[in-house]
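Q: Residue numbers (the working numbering), protein chains in the order written: chain A, 4 to 227; chain B, 4 to 227.
Where a beta carbon is used, it is the ideal one built from N, C-alpha and C, also for glycine.
Just so you know, these numbers come straight off a predicted model, no measurement behind them.
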């Protein structure tokens, strides 16, 4: 019975990682479809989102069943509750990848405004945050989780920088306005993805330490 | 024991509604601070967000305790799991109210671009959706929950309309660009609030019907 439960928990963990990989790919493809002006890839990425949606429903169901049948306590209970929230965050990140594809489809119809430099940089940072948040989760690595929380600032700074640069562009040439607004939106979606990855990292710390660091409740100094 | 559990569930329900009321007020005050150019109100609303943050931590703790101590089954289990997700959504709506206040503080420093008409309309619709989603939750009213899901379209349409109007403004007069971009951002925050209220309504339907309507899983025809 104990071993069976451990196996079911492991299964939930692995499925969460699988869902995470799908979501990471969705972000990468969304930004690739923008940078390489590949509208076909954007459309395929939008279609793939239903896989992520289905995984959300399936994994949440698994988690609820575990709670109902196994009635876990303490750390296992916290792990399952936080899984439910991580699943919801992953699904939302998938939606933002779709939003990026929608803007890419619009942008790809018009001449390029300028080479994308900061957007791919921001996307890489967001993807890395998500990957590390999930790694921290699977390896119960709080140091890595703290690192993710701190790295969110990099994305916020890039978002500010992109906004400032594009405002200058628009003021210099009103023909760029529609395109610039769409790029500002993409930057905001990536910033939201960074926030959601931060939420996942906070969950990891809660599961392992039973400490709630949200809203300034706990700050660890000098994270790696 | 049974009665004590029922009392604790009722307590969780009432606290969720209280948190909902705080969040509704935050949206109302954020938009009021924008429309009436009241920066003092914007600052107060930002400060009040820590109350919402504290409620999130407290209520989630309550829900986890209920799961650990009472080991509820079936409908009660689903209710508690969905409460955890609703609490997270309410906290995020509170954050968006703060985002609106931040943009209002910036906009209030500059001359008004034009009277705000669609933004307050959108805010009212978002607030109503949130109120109805929570009412549906407390009264176990699936018809009302379906209505909320369908009303999300009104907000999405207003968001599109605001974007189109402001693009025209910016192209007509580049001096309006910075302000217009901030208003577009506010419109997006309100659109996200509508999405989060829709998520809450979907949760209600799941708790009561044990049907998952997310991602087109179940569509009721002709909702009231």
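By the three-class DSSP mapping on this structure, what secondary structure does residue 188 of chain A have?
A: If DSSP states are grouped into helix, strand and coil, residue 188 of chain A belongs with the helices.
Q: Looking at chain A, which residues of the stretch 176-187 of chain B have a Cβ within less than 7 Å of any of its Cβ atoms?
A: Those residues of the stretch 176-187 of chain B that come within reach of chain A (Cβ to Cβ, closer than 7 Å) are 177, 180, 181, 184 and 187.
Q: Once the 5 residues before and after residue 9 of chain B are set aside, which same chain residues still bring their CB inside 7 Å of it?
A: For residue 9 of chain B, where only same-chain residues beyond five positions count, there are no Cβ hits under 7 Å.
Q: Closer than 9 Å, CB to CB, is residue 81 of chain A near chain B or not?
A: With 9 Å as the cut-off, residue 81 of chain A counts as an interface residue toward chain B.
Q: Within the same chain, show all residues whose beta-carbon is closer than 7 Å to that of residue 129 of chain A, passing over the 5 residues directly before and after it, in chain order.
A: Cβ neighbours of residue 129 of chain A beyond the five flanking positions: 30, 158, 193, 196, 197 and 200.
Q: Measure from the alpha carbon of residue 143 of chain B to the alpha carbon of each residue in B:52, B:209 and B:190, then state which is nearest.
A: Checked all of B:52, B:209 and B:190; the closest Cα to residue 143 of chain B is B:209.
Q: With a cut-off of 9 Å, does the C-beta of residue 129 of chain B fall near any C-beta of chain A?
A: It does not: the Cβ of residue 129 of chain B has no partner Cβ on chain A nearer than 9 Å.
Q: Measure the alpha-carbon distance for residue 152 of chain A versus residue 27 of chain A and round it to whole angstroms.
A: Roughly 18 Å separates the two Cα atoms.
Q: Report the option in B:82, B:161, B:99 and B:75 whose CA atom is closest to the CA atom of residue 5 of chain B.
A: For residue 5 of chain B, the nearest C-alpha among the options comes from B:75.
Q: From A:204, A:113 and A:117, pick the residue whose C-alpha is nearest to that of residue 146 of chain A; which is it?
A: Ranking the options by Cα distance to residue 146 of chain A, first place goes to A:204.
Q: Going by CA-CA distance only, name the one from A:90, A:11 and A:62 that's closest to residue 207 of chain A.
A: When only C-alpha atoms are compared, the closest one is A:90.
Q: Return the CA-CA distance between residue 23 of chain A and residue 54 of chain A, expressed in angstroms with no decimal places.
A: About 12 Å.
Q: Please name the residue in A:132, A:67 and A:125 whose C-alpha comes closest to that of residue 163 of chain A.
A: If we check each option's Cα against that of residue 163 of chain A, A:125 comes out closest.
Q: Are the beta-carbon atoms of residue 77 of chain A and residue 71 of chain B separated by less than 9 Å?
A: Result yes, Cβ atoms of residue 77 of chain A and residue 71 of chain B sit closer than 9 Å.
Q: Return helix, strand or coil for residue 40 of chain A, following the three-state DSSP convention.
A: If DSSP states are grouped into helix, strand and coil, residue 40 of chain A belongs with coil.
Q: So what does DSSP say about residue 85 of chain B, is it helix, strand or coil?
A: Residue state, collapsed to three classes: helix.
Q: How should residue 21 of chain B be labelled, buried or exposed, when 16 other C-beta atoms within 10 angstroms of its C-beta is the threshold for buried?
A: Exposed, since its Cβ has fewer than 16 Cβ neighbours within 10 Å.
Q: Indicate whether residue 38 of chain B and residue 119 of chain B have their beta-carbon atoms separated by less than 9 Å.
A: A contact, by the Cβ cut-off of 9 Å.
Q: Taking the straight line between their C-alpha atoms, what separation do you get for residue 7 of chain B and residue 64 of chain B?
A: Taking the straight line joining both Cα atoms gives about 18 Å.
Q: Between which two residues does the alpha helix (DSSP H) harbouring residue 76 of chain A extend?
A: Run containing residue 76 of chain A: none; DSSP gives neither H nor E here.
Q: Rounded to the nearest angstrom, what separates residue 150 of chain B and residue 35 of chain A at their Cα positions?
A: For residue 150 of chain B and residue 35 of chain A, the distance between alpha carbons rounds to 38 Å.
Q: Give the interface partners of residue 88 of chain A over in chain B, defined as CB-CB distance under 8 Å, in chain order.
A: 87, 88 and 91, listed in chain order.
Q: In this structure, how does DSSP classify residue 134 of chain B when only helix, strand and coil are distinguished?
A: Of the three classes helix, strand and coil, the one that applies to residue 134 of chain B here is helix, per DSSP.
Q: If you draw a straight line from the alpha carbon of residue 190 of chain A to that of residue 12 of chain A, how long is it in whole angstroms?
A: If you take the alpha carbons of residue 190 of chain A and residue 12 of chain A, they lie about 36 Å apart.
Q: Identify which residue in A:18, A:186 and A:113 has its Cα closest to the Cα of residue 121 of chain A.
A: When each option's Cα is compared against that of residue 121 of chain A, the closest is A:186.
Q: For residue 3 of chain A, count neighbouring Cβ atoms within 10 angstroms of its own Cβ and tell me buried if that reaches 16, exposed if not.
A: Look at the range of chain A in this structure, 4 to 227, and you will see that residue 3 of chain A is not part of it.
Q: Tell me which residues share the same chain as residue 136 of chain B and place their Cβ nearer than 6 Å to its Cβ, disregarding the 5 neighbours each side in the sequence.
A: Around residue 136 of chain B: 151, 200, 203 and 204.
Q: Would residue 52 of chain A be called buried (16 or more neighbouring beta carbons within 10 Å of its own) or exposed?
A: Residue 52 of chain A comes out buried.
Q: Which of the three DSSP states, helix, strand or coil, is assigned to residue 168 of chain B?
A: In the structure shown, residue 168 of chain B sits in a helix (DSSP, three-state: H, G or I).
Q: Taking residue 117 of chain B as the query, report the chain A residues whose CB atoms sit under 9 Å from its CB, ordered along the chain.
A: In chain order: nothing, as chain A lies at least about 17 Å away.
Q: Are residue 182 of chain A and residue 110 of chain A touching if we call contact CB-CB under 9 Å?
A: Yes.
Q: Near residue 95 of chain A, which residues of its chain fall below 7 Å by C-beta distance, leaving aside the five closest residues on each side in sequence?
A: Excluding sequence neighbours, residue 95 of chain A sits near 199.
Q: Tell me whether residue 180 of chain B sits in a helix, a strand or coil according to DSSP, three-state version.
A: In this structure, residue 180 of chain B counts as helix in the three-state DSSP scheme.
Q: For residue 57 of chain A and residue 18 of chain A, what's the separation of their Cα atoms in angstroms?
A: Near 12 Å, if we compare the C-alpha coordinates of residue 18 of chain A and residue 57 of chain A.
Q: On a Cα-Cα basis, can you pick out the residue from B:134, B:47, B:113 and B:165 that is closest to residue 179 of chain B?
A: Of B:134, B:47, B:113 and B:165, the residue nearest in Cα terms is B:113.
Q: Which residues in chain A sit within 9 Å of residue 67 of chain B, going by Cβ to Cβ distance?
A: Those are 80, 81 and 84, listed as they occur along chain A.
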